[in-house]
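Numbering (the working numbering), first residue to last: 0 to 245.
Comments concern the structure below.
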Amino acid sequence: MIQATAKPAEFYDTEWSNRWHDMKVYSPVARHTRRLIRRYLDKIDFSSVLDIGCGSGELLKELSLPGIGLSGVDFSSTAIRQAAQSIDGKFAVVDIENESPDLQADVGVCSEVLEHLTNDGAAIRNISSSVDHLIVTVPSGPLTDASLAMGHIRHYSKHSLREKLKLNGFDVLAIRAWGTPFHDPFYAWLRSKSPEGATTGTYGWGKRLVSSFFYGLFHLNLVDHGHKLVALARVSPKHQSLRVHT
0 MIQATAKPAE FYDTEWSNRW HDMKVYSPVA RHTRRLIRRY LDKIDFSSVL
50 DIGCGSGELL KELSLPGIGL SGVDFSSTAI RQAAQSIDGK FAVVDIENES
100 PDLQADVGVC SEVLEHLTND GAAIRNISSS VDHLIVTVPS GPLTDASLAM
150 GHIRHYSKHS LREKLKLNGF DVLAIRAWGT PFHDPFYAWL RSKSPEGATT
200 GTYGWGKRLV SSFFYGLFHL NLVDHGHKLV ALARVSPKHQ SLRVHT
C-alpha cells in the first residue's frame, strides 16, 4: 500500500494546473458535496463566506449572489490564481496548518481538506479565529491506494470528526453521512476498475453525461449512510469569549 504522507504545495499546483479543474466542476461527488453544503448553509443566516481550501472556486461561484461577501484561501498558488480570475472576492495563499487566514466571515467551509493535513487540529483552531460557523466535509471509510495517491492521510468517523472539532473550538450542530449505495460501493468500485485519470483531466461530453447520470443517482442514496461526512458547527461560547479578549 502507498504510504500516507502529506503532499507539498507543488503537488497541488500541478494537479490544479492539469487535472483537477474539470473534476471539481463536473464530477458527481464534487457536485453532490456542494449540494449538501448549500443545504447546511440554508440553516444559518450569513452575509459572508470563507472557503478554506477553495481550489478554483467552484463553490464560491455557486454562492455568488447579491449581498454575499466571498473569500477563499488555499495551499496552492495556482488554485488561488484560478479563483481570483473568475470570482469577485478576496483570495490568499494560506498554509492553514501553520497560520490563520487574515480574513473574517460569518461562515467558513472546509471541504475535502482536513484529510490531507498532518495536523488537522491546528488547522481547525486557525479556522476558528476567522469564522462563526463552519461546514466541514471529509471522507469516511477505509483508506485506499487511490485515496493515498490523492494525498489523504486519514479518514474520519462521525465520532472522530465530532471530537476533533470539539477539541479545537467548535460545537457540532449536525453531522450526517452520505454515499450508500450509489457512491459506495457502486461508484467507488467502478472508479477503482477504471484506468488512471478516468475522473480527472478534461471532461468532454461523454464524461459529463456519465457524471450527470451518477449525480442524479446520488440523490437516491440512503439517508445518513455511506463513506462521506458533512458537518455543521459553530464556534463554542468559551472559544468565542477567548477570541474576543485576545
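The beta carbon of each residue, even a glycine, is placed where N, CA and C say it ideally should be.
Remember, it's a predicted structure, so these values are computed and weren't measured experimentally.
Mind pulling the alpha helix (DSSP H) runs of 4 or more residues that sit fully within the stretch 156-222?
The DSSP assignment places 157-166, 187-192 and 204-217 as complete runs of the alpha helix (DSSP H) inside the stretch 156-222, in order along the chain (cut-off: 4 residues).
Would you mind sorting residue 134 into buried or exposed? The rule is 16 or more other CB atoms within 10 Å of its CB.
Buried, because 16 or more other Cβ atoms sit within 10 Å of the Cβ of residue 134.
Considering only their Cβ atoms, is the gap separating residue 95 from residue 122 smaller than 8 Å?
Against a cut-off of 8 Å, the Cβ pair of residue 95 and residue 122 comes out as a contact.
Best match in 149, 166, 142 and 148 for proximity to residue 155 [C-alpha to C-alpha]
Taking the Cα of residue 155 as reference, the smallest distance to any Cα among 149, 166, 142 and 148 is reached at 142.
Own chain partners of residue 167 with C-beta closer than 7 Å, once the 5 adjacent residues on each side are dropped
So the list reads 120, 123, 124 and 127, once near-sequence residues are dropped.
Option nearest residue 117 by Cα separation, candidates 228, 7 and 164
Here the closest residue by C-alpha is 7.
Segments assigned alpha helix (DSSP H), at least 4 residues, entirely inside the stretch 119-154
Those alpha helix (DSSP H) runs which fall completely within the stretch 119-154 and span 4+ residues are 119-127 and 144-148.
DSSP three-state assignment for residue 70, whether helix, strand or coil:
In the structure shown, residue 70 adopts extended strand secondary structure according to DSSP, grouped into three states.
Using CA atoms only, rank isn't needed, just tell me which of 46, 54 and 31 is closest to residue 18.
Of 46, 54 and 31, the residue nearest in Cα terms is 54.
Residue 93 - containing beta strand (DSSP E), residue span:
Where residue 93 is concerned, there is no enclosing beta strand (DSSP E), given that its DSSP letter is neither H nor E.
Consult DSSP for residue 104 and reduce its assignment to one of helix, strand or coil.
Strand, per DSSP.
May I ask which residues mark the beginning and end of the alpha helix (DSSP H) holding residue 86?
That residue, residue 86, is in no alpha helix (DSSP H); it is neither H nor E in DSSP.
Let me make sure I understand the geometry here. Which of 85, 88 and 73 has the alpha-carbon closest to that of residue 112?
Check the Cα spacing between residue 112 and each of 85, 88 and 73: the tightest is with 73.
Using alpha carbons as the reference points, say which of 99, 106 and 187 lies closest to residue 138.
The residue from 99, 106 and 187 with its alpha-carbon nearest to that of residue 138 is 187.
Could you tell me whether the stretch 30-45 touches the stretch 54-67, using the rule of 3 or more Cβ pairs below 8 Å?
Yes, the stretch 30-45 touches the stretch 54-67.
Go ahead and pull the three-state DSSP assignment for residue 21.
Of the three classes helix, strand and coil, the one that applies to residue 21 here is helix, per DSSP.
Quick one: using the 10 Å Cβ neighbour count with 16 as the cut-off for buried, is residue 38 buried or exposed?
Taking all protein chains shown into account, residue 38 has fewer than 16 neighbouring C-beta atoms within 10 Å of its C-beta and is therefore exposed.
Unbroken alpha helix (DSSP H) run spanning residue 36, endpoints:
Per DSSP, residue 36 belongs to the alpha helix (DSSP H) from 27-40.
First through last residue of the beta strand (DSSP E) which encompasses residue 60
For residue 60, there is no enclosing beta strand (DSSP E); the residue is part of the alpha helix (DSSP H) that begins and ends at 57-61.
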